[in-house]
Structure formats: C-alpha cells, structure tokens
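In my numbering, the protein residues as written are 66 to 618.
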C-alpha cells in the first residue's frame, strides 16, 4: 500500500511542478513587451529519495527549487556605464546644436558678416568723408553689428540658464529615482527574508537603476537580503547616495548652484542654491561670504539631508563638491561652462574692437571720454572716461552722441583738417587686418592698462601687430571652429555610444528577453509532462480500484 501512495505523491508533485512551469511561461508571454522585464524560469530539483531495505533508494519526485530571473548582472553594469557616457554627450549635443544655431555661422545673418559690413562702411567713409550718407551707413552698420553681438550674447545667456534648469530637473529626477529604489529595497527585503524571490520587484529596480545611470555615474552593490547600495566615487572619496540603514538610507542631497552674484572686486554677494533640484520649494538664497571655489554657476554640490529646509546657515549643511564623471548632469554642467566660455570670448572681441576703434577715433590718442568715444557699454549716459571693463558683448553699442549726430564721427586725421580728409576713417577700416592680442581682453587685469602689451602710434594711427595676436575676424573664426569641433565631437560620441549600447542591450535581450517561440515550445513540453503525470495518477487509481474492490477482500 505504501508503495502505491508513494508513487501517487510523486505524480502529485510532478503535477504541481509542471502547473507552476506553465504558469511561469504564461507570465513570461504576458510580459513579452513589458519594458525592463526579465524572463523567468522554474528551477526543478529532485526530492530526497526513499530507502527500501535491501533494495536501495527510490525516487520520490520533483520539487520547485526557485523561480529565477534570467539576468546577466555583469552585462547590466556594462550597459549602465555606457548609458552614463551616452547621457553626457546627448545632453551636450542638445545644447551645442542650439548654440550653433544662435551663431548662424557661416551665413548672411551671422556676426562675421555684420562685422565685415562695418569695416566696409569705414572704408567707404575714408573715400567720401564729406558725404553725410556714408557717415549714416557707418553708424547704422556699426549698430547692426553691436545689436547682433548683444543678441548673440543674450541667446547664450538664455542657453546657459536653460542648461542649469535642465540640471535642476535631472537632480530632481535622480532624487525621485533614489526614493523609489529605497521603497523597493524595503519591499524586496521583506519578501527575501520570508524565503521568496521578488522577481518582478527586482526588474522594476533594475529599470530604475538604468534610468539613474543616464543621469549620473554610480556603483550598485546588492547585499544578501537583496537590498542595493548606491555609491559614487567623489574624487578620491566614496559617497553613499543610498544606503540600507533604516531611517538613514539617503544622507546626502544633490543641489544645484543656480547663480553666483559677485561685486566689482570679485567678492560673492549672493549664491542661489536649488536644493534637491526642486525649483519651487528648494530655492535658497545664501548671503554674501567666503565660499569654496567649487561654488560656481551650474555646479552640483552635496549637502546633508538634515540641513534645515530654507535655512541659510551653512554650519550644518556639510557642503561638499559633487564630482560627476559621466551622465546627463555632467553633460549639462560642462556645456554650461562651455557656453560661459563662449560668452567670455565674445566679451574679449567686444572690448578689443571697442578699445581699438575708440583709440584711433580719439584725436589725442588717449583713451576717450564718453562724449568722444565711438563704442561704449552704457549707451553713453555716464560722464568721464569709458571703462573698458564695463563693456561686454551684451551691452556694447554706439555712443548716443554719434547716434544723435553722425557728424561727430571722426574721419579726419586732424580736427581742422581739410574737408576731404578721410585718413582716420581709413585707419579704423584698416583695423580689420591688424593683429591684436584679442584673447587678453578677457583678462580683467589686462583691461586696467592694455597699453602695456599693445603699442599704438598716434601719428600713424596704427597699432603694432602683436606676435601672439589675431585679427578680429580670425579670432571670431577660431571661436566658430572650436564650437564646430565640440559639436562634432558630441555628435560622434552620441553615434558611437548609441551603437555600443544598442549592441549591449541586444545581448541583454538575447539573454533576458522573452522569445515567444521558445515559450510556446516550453508550454507544449510542460503540457505533455503534466498530462503524463496525470496518466500516472489515472493508472494508480485503476490499481487501487483493483486492489480494493476486485480482490474480494
């Protein structure tokens, strides 16, 4: 009797095992198109045998060891690393494309074209200095050039602000993902310690880790209870972004420096910090003071989560630099810095042109007053000497004195020179081909006294070509070439990373993805196995009927 019931129990185990295998295959098929889903497999093991004296061990059937995800963790690490690099260059590509559009080079409406027309107008004035119309053209073409430069500067300002806003958005997304992973960690822990496998929760967490890898670079480590710890190499130090200690999972908050205001001496007046990337409730205006060098516009910093919300007292903030290697945050951060660099280069161009034109335009060879200058940075409303440091690409314009009266344009070599004298206008036109250290005009120390490095002959109204100098057009073309190389590099890296990541994802899909053909084949196999186990039970039922009802006992 025990033999028949033992066999009955073996068949029952077989039925349950194949039923679960069918159910798992159905779950795979149902989630064939679910993003981040990893196919699952029922792992079967033989149950402990039954010993029959003088015979040996007899099999007792099958049991389910576990329902496991088919996943390659090493491949996940590779994909996240490459995704992080790709995210960085996609962010750069997006902004750099807009910067290229703002420059409009080469093109008829580009700054270089307007600058050329300005020099052409001065050349025409040297030929017809007595003609009021040529003076008007000089004024108008110069205004068109400065307006174009102002507009370009403002567009770059907007793009830089957009980059920082996108940083804030990505930091907010990163914190949201970390909070979701923290919740999943807790759920996974509870299921794991009960002895079960939370496969679907693990898939959700892996999908979140993939999303996080596009924003920042990190290392994820799983403990024996299935909880994941997320760390980041912050230079030489390792920072834990998500831990497993109850109530202390997230100790540091990522925040973005939106702006840093400084006075004329370079001292910080105000720092606007966006805590956690929350641009609505997380904006904190920190007062004037001495701040670390990493507190620059667009920088991402870490502060302690225990720092009181809205507080401007940094004693408990525990501020530290957040050194990002890859990811969208790194991309927006670097392109924000690059945009600021282009603005500085345009500032150098604006100041160099203002300095050179104003110097030649001045009869006494000294740096001109507002009423005598051609280019100013404050619309000519202030009195006194034009401060070169106050001129930048965003505010350079033609003096109001000249805008109101084109006869104030100095075309003659001498004030009382003959009516047809256009030597000074010619000298200004020839600035087009003069090599000056334009790049030095970005340096505030240089602006205090440019004549230390620049030689000007008042009699000839000419500058001596600098050995390390460049023409205005050549300098501007260098900016365009640098931008083009940077944008091309971003395009190439995005293309390469898309191809590489695509191959890795394809490999992951070949391992973890659901194959409908394979699942249907497995269903048929499990169905036949289930049927066979049912036949065993049917056979045992007939045997029991014979034994009990037909033996006449």
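Even glycine gets a Cβ: it sits at the ideal position worked out from N, Cα and C.
CB contact flag (residue 285, residue 145, <9 Å): yes
What's the gap between the Cα of residue 562 and the Cα of residue 501? 42 Å
Given residue 233 as reference, the closest of 179, 370 and 342 once Cα atoms are compared: 342
Which class does residue 81 belong to by DSSP, given the choice of helix, strand or coil? helix
Distance, residue 515 Cα to residue 539 Cα: 20 Å
What did DSSP end up calling residue 128 once you bin it into helix, strand or coil? strand
State the CB to CB distance for the pair residue 262 and residue 565, rounded to an integer number of angstroms; the pair is presumed to be in contact (CB under 8 Å). With 8 Å as the limit, residue 262 and residue 565 do not qualify as a contact, their Cβ atoms being about 32 Å apart.
What residue ranges within the stretch 132 to 184 form continuous alpha helix (DSSP H) runs of no fewer than 4 residues, ordered along the chain? 138 to 168
Which first and last residues belong to the beta strand (DSSP E) in which residue 649 is found? Because residue 649 is not part of the residues shown, which for the chain are 66 to 618, the question remains open.
Look at the Cβ atom of residue 161, then the Cβ atom of residue 468, and state whether they are nearer than 9 Å. Going by C-beta atoms, residue 161 is not nearer than 9 Å to residue 468.
Just how far apart, CA to CA, sit residue 499 and residue 386? 44 Å
Which two residues bound the contiguous beta strand (DSSP E) that contains residue 111? Its beta strand (DSSP E) spans residues 105 to 111.
When DSSP labels each residue in this structure, what does residue 528 get in the three-state scheme? strand
Cα separation between residue 316 and residue 126? 51 Å
Compare the beta carbon distance of residue 242 and residue 321 with 9 Å and say whether it is the shorter of the two. no
What are the start and end residues of the alpha helix (DSSP H) that includes residue 412? 393 to 426
Does residue 139 pass the burial test, meaning 16 or more other C-beta atoms within 10 Å, or should it be called exposed? exposed
Residue 279 lies in the alpha helix (DSSP H); which residues open and close that run? 264 to 280
Hey, residue 176 and residue 541: beta-carbon distance below 9 Å or not? yes
To the nearest angstrom, how far is the alpha carbon of residue 483 from that of residue 477? 8 Å
Which residues bound the alpha helix (DSSP H) around residue 302? First-last for residue 302: 302 to 307, but that is the beta strand (DSSP E), not the alpha helix (DSSP H).
Where residue 66 falls, given that 16 or more other Cβ within 10 Å makes a residue buried: The predicted model places residue 66 with a pLDDT of 42, which falls under 50 and marks its position as unreliable; any figure quoted below should be read in that light. Classification for residue 66: exposed.
For residue 385, does the three-state DSSP call read helix, strand or coil? strand
Cβ-based burial, residue 612 [other Cβ within 10 Å; buried from 16]: Answer is exposed; the Cβ neighbour count stays below 16.
Out of 416, 158 and 438, state which residue places its alpha-carbon closest to the alpha-carbon of residue 425. 438
Residue 592 and residue 83: beta carbons closer than 9 Å? yes
From 74, 119, 183 and 204, residue whose alpha carbon lies closest to that of residue 465: Nearest of 74, 119, 183 and 204 to residue 465, Cα basis: 204.
Quick one: which unbroken alpha helix (DSSP H) runs of 4-plus residues sit fully inside the stretch 461 to 515? Chain order, please. 465 to 469, 488 to 494 and 509 to 513
Where DSSP assigns a beta bridge to residue 612, which residues make up the other side? Residue pairing for residue 612: DSSP places it in no beta bridge.
Which word fits residue 97, buried or exposed, when buried means at least 16 other C-beta atoms lie within 10 angstroms of its C-beta? Around the C-beta of residue 97, fewer than 16 other C-beta atoms lie within 10 Å, and the residue is accordingly described as exposed.
What residues in its chain sit with their C-beta under 7 Å from that of residue 100, if we drop five residues either side in the sequence? 272
Expected contact under 8 Å - CB spacing of residue 423 and residue 451 to nearest Å: 7 Å
Could you check the C-alpha separation between residue 447 and residue 189 for me, to the nearest Å? With a pLDDT of 47 at residue 447, under the threshold of 50, the modelled position of that residue is not reliable, and the figure given next carries that caveat. In a straight line, the C-alpha of residue 447 is about 31 Å away from that of residue 189.
Separation of residue 305 from residue 415, as counted between CA atoms: Distance between the alpha carbons of residue 415 and residue 305 is about 46 Å.
Would residue 615 pass as a contact of residue 137 if the rule is Cβ separation under 9 Å? no
Where does residue 451 sit, in a helix, a strand or coil, going by DSSP? coil
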